[in-house]
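A.B. asks: Below: one structure in structure tokens.
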Amino acid sequence: MTSVVEATAEGDADDDRDPFGGARIEVPEGEMRAVAKPQILVGRAKRKIDEVATRLTYGR
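Note that the working numbering has the sequence shown beginning at 1418, numbered continuously upward.
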């Protein structure tokens, strides 16, 4: 595994470096959705907690 510093230090000069060239990391959509599920659930829970706190605070 390389760090960002190692990856950027490997080139000869910044002028000939193409940030869009070379291999790309591609993740299948199904895997991306599976990884994002916990974040989506936490976001929804936060939204509900915010709604309850707003109702308690402002009486709406």
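Even glycine gets a Cβ: it sits at the ideal position worked out from N, Cα and C.
(1) Once DSSP output is grouped into helix, strand and coil, what is the label at R1441?
(2) Determine the DSSP secondary structure at G1476, reduced to helix, strand or coil.
(3) Where G1438 and M1449 are concerned, what is the direct C-alpha to C-alpha distance, given to the nearest angstrom?
(4) Nearest-angstrom Cα distance between L1458 and R1464?
C.D. replies: Short version:
(1) Locating residue 1441 in the sequence shown gives position 24, counting from the first residue. Reduced to three states, the DSSP call for R1441 is coil.
(2) The sequence position of residue 1476 within the sequence shown is 59, counting from 1. Reduced to three states, the DSSP call for G1476 is coil.
(3) Against the sequence shown, residue 1438 aligns to sequence position 21. Against the sequence shown, residue 1449 aligns to sequence position 32. Those two C-alpha atoms are separated by around 23 Å.
(4) Taking the first residue of the sequence shown as position 1, residue 1458 is located at position 41. Taking the first residue of the sequence shown as position 1, residue 1464 is located at position 47. Inter-residue distance for L1458 and R1464 is about 10 Å (C-alpha atoms, whole angstroms).
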